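Trainee: Positions 1 to 239 (the UniProt record's numbering) are the ones given, in order, by the sequence shown.
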Amino acid sequence: MDIVVLFAVGLAFVIMSVMIYPIVREKFVDLIAKNVREPKGVAGRIVRFILGKGNAYLENQVVEHLNIQPNHKVLEVGFGSGIGIRAALKKMENGHGRVYGVDISEQMVTCAMKEFKLAVERQRLEIHLGSVMDLPFQDNLFDSVFHTNCYYFWPDLEQGIAELKRVMKPGALMITGVIYEKLKGAADKGFMRYGPHWQPAKYMERLEEGGFMNVTMETVKKASGPSYEIILASKAIKE
1 MDIVVLFAVG
11 LAFVIMSVMI
21 YPIVREKFVD
31 LIAKNVREPK
41 GVAGRIVRFI
51 LGKGNAYLEN
61 QVVEHLNIQP
71 NHKVLEVGFG
81 SGIGIRAALK
91 KMENGHGRVY
101 GVDISEQMVT
111 CAMKEFKLAV
121 ERQRLEIHLG
131 SVMDLPFQDN
141 LFDSVFHTNC
151 YYFWPDLEQG
161 IAELKRVMKP
171 GALMITGVIY
181 EKLKGAADKG
191 FMRYGPHWQP
201 AKYMERLEEG
211 GFMNVTMETV
221 KKASGPSYEI
231 ILASKAIKE
């Protein structure tokens, strides 16, 4: 049997099972929810592919908003499929800047090391397996920080925010990208069960409590592409 047909038949069977049997549906939702948080195994690869397609526009737009300069040091937390890393590297083609990426998924790190092997060898990129809870960087290192669809899964929101603030230079900007409509839809379907603090308002409150300045959220609508939200937060120049 042709592999495409075989895949289609298998996918149809899974969908039918999910629709008919509540127990199967619950297990399916839980599997997806776990792999959205930390992709692993075959399910993780599928989720990585889907998220890569779905997040491409958002990640590229967030990088545009950062106003990255060729000699900047830029950090992406939870880089996933690597779309944001690729976009940030392009901004530094004519300079000596460096992109840094951190992700908790060993699978995502392995894929990124293969995909960006040349950039790593040229010391234009550093990839780290790790958590926002304990970033492997010195204080006051980064000119800008960004992450998309990420903060919901941090085990301790306050600690993650404190760590990001620690590694940012005074005056540095952090941008968080979300598509609120999709985020709420995912939560309604149960896919955010491992991301209990997904609401942007709560995240923004924690940013302000953590000492970030000028915390605002903007909804961006363009002629092409879906509308999306960016949450901006700056580290004070003097503390």
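Even for Gly, the Cβ is constructed at its ideal location relative to N, Cα and C.
These numbers come from a predicted model, not from an experiment.
For residue 219, count neighbouring Cβ atoms within 10 angstroms of its own Cβ and tell me buried if that reaches 16, exposed if not.
Mentor: To locate residue 219, count along the sequence shown from 1; it is residue 219. So residue 219 counts as exposed.
Trainee: Is the shortest distance between the beta-carbon of residue 57 and the beta-carbons of chain C less than 7 Å?
Mentor: Among the chains of the structure shown, chain C does not appear; only one protein chain is present.
Trainee: Within the continuous beta strand (DSSP E) that includes residue 98, where are the two ends?
Mentor: Counting from 1 along the sequence shown, the entry for residue 98 is found at position 98. 98 to 103 is the span of the beta strand (DSSP E), which, as asked, contains residue 98.
Trainee: Are the Cβ atoms of residue 142 and residue 75 separated by less than 7 Å?
Mentor: As a first step, residue 142 must be located in the sequence shown, where it is residue number 142. As a first step, residue 75 must be located in the sequence shown, where it is residue number 75. Going by C-beta atoms, residue 142 is nearer than 7 Å to residue 75.
Trainee: Looking at residue 161 and residue 210, is the spacing between their C-beta atoms short of 7 Å?
Mentor: Within the sequence shown, the letter at position 210 stands for residue 210. Within the sequence shown, the letter at position 161 stands for residue 161. Yes, Cβ-Cβ distance for residue 210 and residue 161 is below 7 Å.
Trainee: Is the distance from the Cβ of residue 234 to the Cβ of residue 173 below 7 Å?
Mentor: The residue labelled residue 234 in the question sits at position 234 within the sequence shown. The residue labelled residue 173 in the question sits at position 173 within the sequence shown. Yes, Cβ-Cβ distance for residue 234 and residue 173 is below 7 Å.
Trainee: Does the beta-carbon of residue 232 have 16 or more other beta-carbons within 10 angstroms, so that it is buried, or is it exposed?
Mentor: The count along the sequence shown starts at 1 and reaches residue 232 at position 232. Residue 232 comes out buried.
Trainee: Pick from 83, 181, 226, 201: whose alpha carbon is nearest that of residue 217?
Mentor: If you number the sequence shown from 1, residue 217 lands on position 217. Taking only the C-alpha atoms, the option nearest residue 217 is 201.
Trainee: Tell me the rounded alpha-carbon separation between residue 156 and residue 120.
Mentor: Along the sequence shown, read from residue 1 onward, the residue named residue 156 stands at position 156. Along the sequence shown, read from residue 1 onward, the residue named residue 120 stands at position 120. Near 30 Å, if we compare the C-alpha coordinates of residue 120 and residue 156.
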